[in-house]
Amino acid sequence: MGMSVTISAATEQDAEQIFRLQYLCFQREAALYGNYRIDPLVQTLDSVRQEVTRDCVFVARLGDEVVGSVRGSATEDGAAAIGKLCVHPRLQGHGIGARLLRAAESALAGQHGAKRFRLHTGHRNEGNLRLYRKVGYETVGTSQGADGIPMIVLEKPAGTYAATA
């Protein structure tokens, strides 16, 4: 019998697995742009630990292994920023990313009063854009990451949750 992937709030003990998973998952993003200095690849373990204790962080687990994660935080304008969504490459395409988004959105709306959700992704990442649009996000603008990568900014109102797998 196979195990099911479960979604739960991250704990401090998850920080190292999140750090390693993030490094693995964002290699493809870095290759898209020929830039291996993107934030998820240069973030320190201590910084990930701080985010886990400070922000709204969820993980997907397969047994004891962290196979996905997402982070969110409330912003001053009533929105919630969602970022660093990643799912282990061997498990992508099974709805885990949408489930992680749903968990983060639900917590950010319920516990932090978020009225809308905002996220961004690299302009060349068609897979991410497809997922975000499928779960209700719409393009609201563009920006440039600190690493120089052109980004698409997407938003959706709270209450329109991601479909689950």
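74 is the number that our numbering gives to position 73 of the sequence shown; each next residue is one higher, with no gaps. Quick reminder that beta carbons are idealized off the backbone N, C-alpha and C, glycines included.
Buried or exposed: residue i, going by 16 or more other Cβ atoms within 10 Å of its Cβ?
i    : result
K85  : buried
S70  : buried
Y138 : buried
A10  : exposed
Report all residues from its chain with a CB closer than 7 angstroms to the CB of residue i; omit the five preceding and five following residues, and keep chain order.
i   : result
P41 : Q23, F27, K85
Just to confirm, is the Cβ distance from residue i to residue j under 8 angstroms?
i    : j    : result
L33  : R125 : yes
V53  : D15  : yes
S74  : A61  : no
D56  : R72  : yes
V49  : V68  : no
L46  : E17  : yes
A147 : A115 : no
Assuming residue i and residue j are in contact, meaning their beta carbons sit under 8 angstroms apart, how far apart are those beta carbons, in whole angstroms?
i    : j    : result
F59  : I8   : 6 angstroms
V136 : A99  : 6 angstroms
V141 : E156 : 5 angstroms
Could you name the residues of the same chain whose beta carbon sits closer than 8 angstroms to that of residue i, not counting the 5 residues immediately before and after it, in chain order?
i    : result
T122 : N129, L130, Y133, M152, I153, L155
Q44  : F20, Q23
A108 : A10, C57, F59, G73
Return yes when the C-beta of residue i is under 7 angstroms from any heavy atom of the ligand ADP, and no when it is not.
i    : result
L101 : No copy of the ligand ADP appears in this structure; indeed no ligand is present at all.
Under 6 angstroms Cβ to Cβ from residue i, same chain only, skipping five residues before and after it: list those, please.
i    : result
I150 : Y34, G123
inquiry  = If we require 4 or more residues per run, which alpha helix (DSSP H) segments fall completely within the stretch 42-77?
reply    = The stretch 42-77 contains these whole alpha helix (DSSP H) runs: 46-55.
task = Mind listing, in chain order, the continuous beta strand (DSSP E) runs of no fewer than 3 residues lying wholly within the stretch 83-135?
result = Counting whole runs of 3 or more residues, the stretch 83-135 contains the beta strand (DSSP E) stretches 117-123.
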